[in-house]
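Residue numbers (my numbering): 1 to 277. Backbone N, C-alpha and C define an ideal beta-carbon position, used for all residues, glycine too. Keep in mind it's a predicted model, so treat the numbers as computed, not measured.
Laid out in structure tokens, this is it:
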């Protein structure tokens with residue numbers, strides 16, 4: 001009788017077994033993936049665990065496509081809302097005006113330094129450093145793979161969103177230099193920071209065993225993501241709705257990546273261990 005694959009630290013967060021799908025939607029997704037797996041070509045079935053891993057990647061690609069479709073629909077809706085001056089966009093100007101009233105030279109400098117951490121240079125360096133530590137501690141390549149996939153998808157979503165909507169940034173006279181010239185929607189700083197932070201926090205949760213460590217990781221992650229988004233509005237580099245879109249889309253994509261990883265470990269768990277393993 002085949003021996004089940006040995007349980008690994010990637011399969012649990014605290015007492016929660018990630019290979020146990022409690023929701024009906026989750027069980028349905030797992031059943032669909034398993035159904036597809038049983039119909040893979042015979043050479044892939046003989047490949048054992050790698051066939052399951054590859055299948056998880058396919059599922060991730062499907063989720064990514066669905067996310068991109070959702071992005072298109074959301075950006076189109078927001079574009080129409082901006083043109084009609086209705087919906088949540090009516091808050092954009094009042095919130096920006098309130099931010100301008102709070103500014104001081106010292107606070108402007110501090111927020112600018114912080115927001116640079118989430119920029120195209122700062123965020124990759126920060127995420128790369130965290131991943132390097134996780135790889136050294138875990139001695140697995142999972143952090144590298146998940147972070148690269150998450151980052152690539154985040155970059156694609158930011159590029160597509162900005163190109164599709166082409167929204168103009170807040171007036172230059174209301175922004176704190178240095179000014180940015182790319183389209184405003186969605187906030188790339190917010191979206192990328194949300195995606196990478198959520199995935200890295202997830203990876204940390206897979207490793208930690210103490211409750212206080214998990215609480216600390218989640219708290220720091222939430223505060224960082226929220227502060228990054230608010231910093232963009234405070235500096236007048238984005239409208240509030242740009243940031244709200246960054247948070248929403250970033251969280252959706254990060255959860256898609258995490259779900260793909262859970263599918264991977266679940267399917268791998270169902271595969272018999274290799275001889276001699």
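| By how many angstroms is the C-alpha of residue 108 removed from the C-alpha of residue 220? | 22 Å
Q: Please report the residue range of the alpha helix (DSSP H) in which residue 94 lies.
A: 92-102
Locate the alpha helix (DSSP H) running through residue 224, then write down its first and last residues.
-> 211-234
- Query: Can you round the beta-carbon distance between residue 225 and residue 193 to whole angstroms, since I take them to be within the 8 Å contact cut?
  - Reply: 6 Å
* For residue 208, which of helix, strand or coil comes out of DSSP? -> coil
Touch test, the segment 121-137 against the segment 91-108, Cβ-Cβ under 8 Å, three pairs minimum | no
* To do: Please report the residue range of the alpha helix (DSSP H) in which residue 164 lies.
  => 142-165
>> Please return the same chain residues whose Cβ sits closer than 6 Å to the Cβ of residue 167, not counting the five positions on each side in sequence.
In response: 183, 184 and 185
*Cα separation between residue 180 and residue 158?*
15 Å
**Prompt:** Is the beta carbon of residue 229 less than 8 Å from the beta carbon of residue 190?
**Reply:** yes
Looking only at C-alpha atoms, which of 208, 152 and 170 sits nearest to residue 94?
170
In this structure, how does DSSP classify residue 168 when only helix, strand and coil are distinguished?
coil
What does DSSP give as the partner residue(s) for residue 13 in the beta ladder? 16
| query | Just the Cα atoms here: how many angstroms apart are residue 247 and residue 198? | reply | 11 Å
According to the neighbour-count rule (16 or more other Cβ atoms, all chains shown, within 10 Å of its Cβ), is residue 32 buried or exposed?
-> exposed
Mind checking residue 35: buried by the 16 CB within 10 Å criterion, or exposed?
-> exposed
Notebook entry, point to check: According to the neighbour-count rule (16 or more other Cβ atoms, all chains shown, within 10 Å of its Cβ), is residue 147 buried or exposed?
Noted result: buried
Taking the continuous alpha helix (DSSP H) assigned at residue 185, which residues delimit it?
Here residue 185 belongs to no alpha helix (DSSP H), and DSSP marks it neither H nor E.
Open item on the list: Assuming contact is defined by CB atoms lying nearer than 8 Å, are residue 97 and residue 241 in contact in what I supplied?
Closed with: no
* **Cβ pair residue 195, residue 150 closer than 8 Å** => yes
Please work out which residues of its chain come closer than 6 Å, Cβ to Cβ, to residue 15, disregarding the five sequence neighbours upstream and downstream, and give them in chain order. none
Review point. Going along the chain, which residues of its own chain have a beta-carbon closer than 6 Å to the beta-carbon of residue 250, five neighbours each way excluded?
Key: 191, 194 and 195
message = If I measure Cβ to Cβ from residue 47 and keep anything under 6 Å in the same chain, skipping five residues before and after, which residues do I get?
response = Because residue 47 carries a pLDDT of 49, less than 50, the predicted location of this residue cannot be relied on, and the following value inherits that uncertainty. Nothing meets the Cβ criterion.
query = Below 8 Å between beta carbons: does that hold for residue 211 and residue 10?
reply = no
- In the DSSP assignment, find the alpha helix (DSSP H) that holds residue 126 and state where it starts and stops. 122-138
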